[in-house]
Amino acid sequence: MPEPRGRMFFANPGPTNIPDSVLHACAHPSIDFNDDAFFAVYERCVAGLKRVLRTEHHIFFYTASGHGAWEASMANLFSPGDALLVIETGHFSDSWAKMGRALGLAIETVPADWREGARIADIEAALAADRSHRIKAVCAVHNETATGTVLPLAEVRAAMDAARHPALLLADTISSLASLPFEMDRWGVDVVVGGSQKGLMLPTGFAFNAVSPKAMEAHRRSRLPRHYFDWSEMLTRRHKSFIGTIPTGLFYGLQESLRLLEEEGLENVWARHSRLARAVRAAIAHWSGNGRGPELFCRNPERVSDSVSAILMPEGHDADALRATCRQRFHISLGGGLSRLAGRVFRIGHLGDLNEPMILGTLAGVEMALKLNGVPYRPGGVEAAMECLTSGAAG
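The sequence shown maps to residues 0 to 394 in numbering that gives the first Met the number 0.
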């Protein structure tokens, strides 16, 4: 089958669309990463990223995907046998827990219904029961990409404080940073896990940790083996980060993406994501209005994500077949279901470099694919999204 004409509507929850100006910036000619001209760009990027993170703390970078930043956070903070409390949110919390076990850590879990989200009271109870303070850290995925649910980190920190527990708070912000409100210092987050390829609108290629002084003190006591990810070793380097070659092109791209974010205004970026997400949810609610159609996977209105929506297909209908129709007929790329949700869920990413017509085009393609695949639904989801975007509620 020939490739469809026109530009692909890329509605995947990560990687995301890359603005043309960022692509052009990434194409900067090679430069010595120790050159003063690059060092100035690097320092501007660090300062800008701190503004996005809302932090004054140090940032360590790696040439890696977000999984590298997960591993770096664990390798730098803990010793063999240390206990961590992972809050269940979905596929990615499970993956983080699996990584911890592979590194020789004892993983405990706060279980949760993937469609409802973890209960804050359960987190507080698990910490209050740990009277010996065996748990060294709480691992929280801020935005679970697989299920389209948000975990309120400020409430997690409040639960930790209420339990009077000294554990560190680690937050995965891979699909939330520069898309949803995030306040590292105000929320008492000790370590941030982040990546380049989602809200920062960059190619995959570097990941980072932002680290509080409390976490740095834990690092000095930790005994897990490490080298490439070793924060102490990094602090001996000129950039106070990276071991080995620095991906200079990505930093020229980051400089441009930070310019775009600050030109729009971070609060306006958050508001745009919220506005587009409400439109997507309006379409999904309309499709499911016949009582038999596809429905939003997240059932808890307080936990719905503004960066990705996971849509549960009706029983007996294949989400991957729908995605294939969107890709082959309409040149639209959607996210698939992960782990236990494979084939049951498709995902619409509404984060990064997106606007209203791009979202409406995606929704129109999905609605046509629903019809072509014989999926029961109530027609008119695109109109519902348009009404949401043009009503006073759209903001």
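Just so it is clear, CB atoms sit at the ideal spot from N, CA and C, and this is done for glycine as well.
Asked: Could you tell me the alpha carbon to alpha carbon distance between T62 and D121, rounded to whole angstroms?; Found: 36 Å
Asked: Could you pull the start and end residues of the alpha helix (DSSP H) that A145 belongs to?; Found: Segment: none, A145 is in no alpha helix (DSSP H) and carries neither H nor E.
Asked: Within 10 angstroms of the Cβ of A318, are there 16 or more other Cβ atoms? Answer buried if so, exposed if not.; Found: buried
Asked: Around the Cβ of E143, are there at least 16 other Cβ atoms within 10 angstroms (buried) or fewer (exposed)?; Found: buried
Asked: Keeping to the same chain, check which residues put their C-beta closer than 6 Å to that of V428; ignore five residues upstream and five downstream.; Found: The structure shown does not extend to residue 428, since the chain spans only 0 to 394, so no value can be given for it.
Asked: Contact defined as beta carbons within less than 8 Å: I believe L249 pairs with F205. What is the distance between those atoms, to the nearest angstrom?; Found: 5 Å
Asked: Look up N16 in the DSSP assignment and say whether it is helix, strand or coil.; Found: coil
Asked: Would you call the segment 347 to 355 in contact with the segment 5 to 22, where contact means no fewer than 3 C-beta pairs closer than 8 Å?; Found: yes
Asked: Per DSSP, what are the beta-bridge partners of L169 in this structure?; Found: C138 and V190
Asked: Which residues mark the beginning and the end of the alpha helix (DSSP H) in which H218 is found?; Found: P212 to R220
Asked: Is the separation between the beta-carbon of V268 and that of L275 shorter than 8 Å?; Found: no
Asked: How would you call G394, buried or exposed, if buried means at least 16 neighbouring beta carbons within 10 angstroms?; Found: Note on G394: pLDDT 47, under 50, position unreliable in the model; the coordinate value appears next. G394 comes out exposed.
Asked: Determine, using beta carbons only, whether R326 and G335 come nearer to each other than 8 Å.; Found: no
Asked: In its own chain, which residues sit with a C-beta less than 6 Å from the C-beta of T108, not counting the 5 before and 5 after it?; Found: V85 and E87
Asked: Look at the alpha carbon of P202 and the alpha carbon of A128, and state the distance between them as a whole number of angstroms.; Found: 43 Å
Asked: Which value, in whole angstroms, describes the spacing of the CA atoms of M183 and P378?; Found: 42 Å
Asked: Helix, strand or coil: which one does DSSP assign to V374?; Found: coil
Asked: For H272, report the span of its alpha helix (DSSP H) as first-last.; Found: L265 to W286
Asked: Hey, out of G193, L176, A125 and G264, whose CA is closest to W69's CA?; Found: G193
Asked: Under the DSSP definition of a beta bridge, which residues are partnered with I32?; Found: According to the sequence shown, residue 32 is Phe rather than Ile. DSSP lists no partner for F32.
Asked: Identify the residues that DSSP records as bridge partners of F59: which are they?; Found: N208
Asked: Considering only residues of the same chain and omitting the five flanking positions on each side of R185, which have a CB-CB separation below 7 Å?; Found: R53
Asked: For G147, which of R220, R302, I106 and A139 has the nearest alpha-carbon?; Found: R302
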